[in-house]
């Protein structure tokens, strides 16, 4: 029974990869050896790397949740036969045509931007990958042998797709210029971490990106241990864009999630030494007069993070408020924002939408423009049209919502306060909900006033008790 399941699953993976090879034209030309094209940027080696005369724009994609079994009985959700929608639907994870379409649009859009950076903010793998585990054994590597094989093939497919995209416009975007975050579904099983194993899932995840030349050897050495690393992004002086290098601090926020399966439960003050490492990186940035942004997967909000870690994190943000200009996370699959303080003592947080439509959201992604100080000027939203025939421009978060430039934490807190008393049919709430859901309001989603309250309370609460009080619980 189980051996037959393995054989069938691997056959489906092979079929998926054959389709990927046809879709991603340069995949066959990739070499097995690592392709070192970009210098590493760590505390000890802060090289600026490539610059140009134009502004930096960051393209952010998250939660692709590639399901190689889409359209079969092993798929996530309801997309379990050959008649499943071409680009998925609610309850279903991302399939290859959807993800290919999204990545192609990202690279087509980025051709106008000489210094673009591609951020992949976690959850490459499908949901429920542990369903392929062999639970007849307690040996971790035997139990999760098939999930690891699936993860390896999926991660390789995604990495090759990104490499192909960069190479197709190599004259425009300095390859590889990718930054990636480790998501909870990238762990095997979901949310799992145990440094006794290496951690195996993080090691395989980062090894794939390294072999495809998307991260440097030094970055790989750091990232594979605990799932965090940093890189310096540069921009040449220009009239409107940033004029100084930017340190991107890529954290593993899965450590702090309230579901992490590593016996933490808030009892380990600094999992994997990440808080200490962040302080070290931020001190170096401060000494070098470099601003920094923080990126990760699980967004730091009450009920997503354990209170003890959220409190520590808020203190860190306040201590380095002169360095940190913005934060970008994902995980909720919707576009939202977080104001952990009502003033500007912490940097604003933006929650990036999902490609996978599993939660009823429409597939979408964003690109972010910065001012000269690496503060967020505006966030451009792009989404799959309702008839699923093309990717189209959505609203621009910032100017379209009456927010000042640059967008600050206090302006986000004020905007959330303005939304709070509105009826669910109020045009201002409907405008935000359109962005939140991914470009249009779905008839399958129910957003009554209680749901509206939940969304807004999560934007401004700093603890579980604070969240419950906001919601009147």
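Numbering (the numbering used here), first residue to last: 183 to 655. Every residue gets a Cβ at the ideal spot worked out from N, C-alpha and C, and that includes glycine. These numbers were taken from a predicted model, which means no experiment stands behind them.
Taking a contact to mean a Cβ-Cβ separation below 8 Å, would you say residue 622 touches residue 544 in this structure? In the chain shown, counting from the first residue as 1, residue 622 sits at position 440. In the chain shown, counting from the first residue as 1, residue 544 sits at position 362. The answer is yes: Cβ separation under 8 Å.
Does DSSP put residue 413 in a helix, a strand or coil? In the chain shown, counting from the first residue as 1, residue 413 sits at position 231. The answer is strand: DSSP assigns residue 413 an E or B state.
For residue 496, three-class secondary structure by DSSP: Residue 496 sits at position 314 when you count from the first residue of the chain shown. Residue 496 falls in the helix class under three-state DSSP.
Which value, in whole angstroms, describes the spacing of the CA atoms of residue 278 and residue 249? By 1-based counting over the chain shown, the position of residue 278 is 96. By 1-based counting over the chain shown, the position of residue 249 is 67. For residue 278 and residue 249, the distance between alpha carbons rounds to 8 Å.
Assuming residue 547 and residue 269 are in contact, meaning their beta carbons sit under 8 Å apart, how far apart are those beta carbons, in whole angstroms? For the purposes of this step, residue 547 is taken as the residue at position 365 of the chain shown. For the purposes of this step, residue 269 is taken as the residue at position 87 of the chain shown. Contact doesn't hold; Cβ gap of about 14 Å is too wide.
Thinking C-beta only, is residue 561 closer than 8 Å to residue 246? Within the chain shown, numbered from 1, the residue matching residue 246 stands at position 64. Within the chain shown, numbered from 1, the residue matching residue 561 stands at position 379. No.
If you drop the 5 nearest sequence neighbours on each side, which residues of the same chain put their C-beta closer than 6 Å to that of residue 533? Your numbering for residue 533 matches position 351 in the chain shown. Within the same chain, residue 533 has close Cβ partners 481, 511, 514 and 518.
What separation, rounded to the nearest whole angstrom, lies between the Cα atoms of residue 470 and residue 463? For the purposes of this step, residue 470 is identified with residue 288 of the chain shown, where counting begins at 1. For the purposes of this step, residue 463 is identified with residue 281 of the chain shown, where counting begins at 1. In a straight line, the C-alpha of residue 470 is about 11 Å away from that of residue 463.
Could you say which of 408, 401, 397 and 400 lies nearest to residue 384 if we only look at CA atoms? For the purposes of this step, residue 384 is taken as the residue at position 202 of the chain shown. Residue 384 has its Cα closest to that of 408, out of 408, 401, 397 and 400.
Answer yes if the region 251-268 comes into contact with the region 482-499, meaning at least three C-beta pairs across the two stretches below 8 Å, and no otherwise. no
Give the single residue among 283, 265, 244 and 336 whose Cα lies nearest to the Cα of residue 566. Translated into the one-based positions of the chain shown, residue 566 becomes position 384. When only C-alpha atoms are compared, the closest one is 283.
Looking at the strands, I want to know which residues DSSP matches up with residue 546. On the chain shown, position 364 is the one that residue 546 refers to. BP columns for residue 546 point to 565.
Output yes or no for whether 8 Å exceeds the beta carbon distance between residue 529 and residue 507. Along the chain shown, one-based indexing puts residue 529 at 347. Along the chain shown, one-based indexing puts residue 507 at 325. Taking 8 Å as the Cβ cut-off, residue 529 and residue 507 qualify as a contacting pair.
Examine the Cβ distances between the region 569-579 and the region 596-605 and report whether three or more of them are shorter than 8 Å. no
What is the residue span of the alpha helix (DSSP H) that residue 593 lies within? The residue you call residue 593 lines up with position 411 of the chain shown. First-last of the alpha helix (DSSP H) with residue 593: 591-601.
Is it the case that the Cβ atoms of residue 549 and residue 291 are separated by a distance below 8 Å? As a working mapping, residue 549 is identified with position 367 in the chain shown. As a working mapping, residue 291 is identified with position 109 in the chain shown. Cβ distance < 8 Å, so residue 549 and residue 291 count as in contact.
Is it buried or exposed for residue 220, if we count other Cβ within 10 angstroms and need 16 for buried? Taking the chain shown and counting its residues from 1, one reaches residue 220 at position 38. The predicted position of residue 220 is uncertain, since its pLDDT is 30 and thus under 50; a value taken from the coordinates is nonetheless stated next. Per the 10 Å Cβ criterion, buried.
Quick check on residue 481: does DSSP put it in helix, strand or coil? By 1-based counting over the chain shown, the position of residue 481 is 299. Note: residue 481 maps to coil in three-state DSSP.
Short Cβ contact (8 Å threshold) for residue 372 with residue 387: Counting from 1 along the chain shown, the entry for residue 372 is found at position 190. Counting from 1 along the chain shown, the entry for residue 387 is found at position 205. Against a cut-off of 8 Å, the Cβ pair of residue 387 and residue 372 comes out as no contact.
Flag residue 554 as yes if its beta-carbon sits less than 8 Å from any beta-carbon of chain C, otherwise no. Chain labels in this structure do not include chain C; a single protein chain is all it has.
Rounded C-alpha distance that separates residue 641 from residue 244: Start at 1 with the first residue of the chain shown, and residue 641 comes out as number 459. Start at 1 with the first residue of the chain shown, and residue 244 comes out as number 62. Their backbone Cα atoms lie some 19 Å apart in a straight line.
Which residue comes first and which comes last in the beta strand (DSSP E) that contains residue 510? Here residue 510 refers to the residue found at position 328 when the chain shown is read from its first residue. Residues 506-512.
With DSSP run on the structure shown, which of helix, strand or coil describes residue 259? In the chain shown, residue 259 corresponds to position 77, counting from 1. In the structure shown, residue 259 sits in coil (DSSP, three-state: anything other than H, G, I, E or B).
Quick one: measure Cβ to Cβ for residue 436 and residue 391, integer angstroms, because I've assumed they're closer than 8 Å. One-based indexing of the chain shown puts residue 436 at position 254. One-based indexing of the chain shown puts residue 391 at position 209. Going by Cβ atoms, the distance from residue 436 to residue 391 rounds to 17 Å, so no, they are not a contact pair.
Taking the C-alpha atoms as reference points, what is the distance between residue 527 and residue 326? As a working note, residue 527 is residue 345 in the chain shown. As a working note, residue 326 is residue 144 in the chain shown. Each residue's alpha carbon lies about 44 Å from the other.
By how many angstroms is the C-alpha of residue 273 removed from the C-alpha of residue 262? On the chain shown, residue 262 is found 80 positions in, with the first residue counted as 1. On the chain shown, residue 273 is found 91 positions in, with the first residue counted as 1. If you take the alpha carbons of residue 262 and residue 273, they lie about 11 Å apart.
Tell me which residues share the same chain as residue 587 and place their Cβ nearer than 6 Å to its Cβ, disregarding the 5 neighbours each side in the sequence. In the chain shown, residue 587 corresponds to position 405, counting from 1. Taken in chain order, the residues that qualify are 559.
Straight-line Cα distance separating residue 406 from residue 341: For the purposes of this step, residue 341 is identified with residue 159 of the chain shown, where counting begins at 1. For the purposes of this step, residue 406 is identified with residue 224 of the chain shown, where counting begins at 1. About 16 Å.
Residue 218 by DSSP, collapsed to three states: which one? Here residue 218 corresponds to residue number 36 of the chain shown, with the count starting at 1. Reliability of the predicted coordinates at residue 218 is poor, the pLDDT of 34 falling under 50, and the value obtained from them is presented with this limitation in mind. Coil.
Straight-line CA distance for residue 414 to residue 320? As a working mapping, residue 414 is identified with position 232 in the chain shown. As a working mapping, residue 320 is identified with position 138 in the chain shown. So the alpha carbons of these two residues sit roughly 42 Å apart.
Determine, using beta carbons only, whether residue 363 and residue 303 come nearer to each other than 8 Å. Mapped onto the chain shown, residue 363 falls at position 181. Mapped onto the chain shown, residue 303 falls at position 121. Yes, these two residues count as a Cβ contact at 8 Å.
Which residues in the same chain as residue 557 place their Cβ atom closer than 6 Å to its Cβ, once the five residues preceding and following it in sequence are excluded? As a first step, residue 557 is located in the chain shown; it is residue number 375 there, counting from the start. Cβ neighbours of residue 557 beyond the five flanking positions: 507 and 588.
Whole angstroms are fine: how far does the CA of residue 349 sit from the CA of residue 600? By 1-based counting over the chain shown, the position of residue 600 is 418. By 1-based counting over the chain shown, the position of residue 349 is 167. Going from the Cα of residue 600 to the Cα of residue 349 covers about 45 Å.
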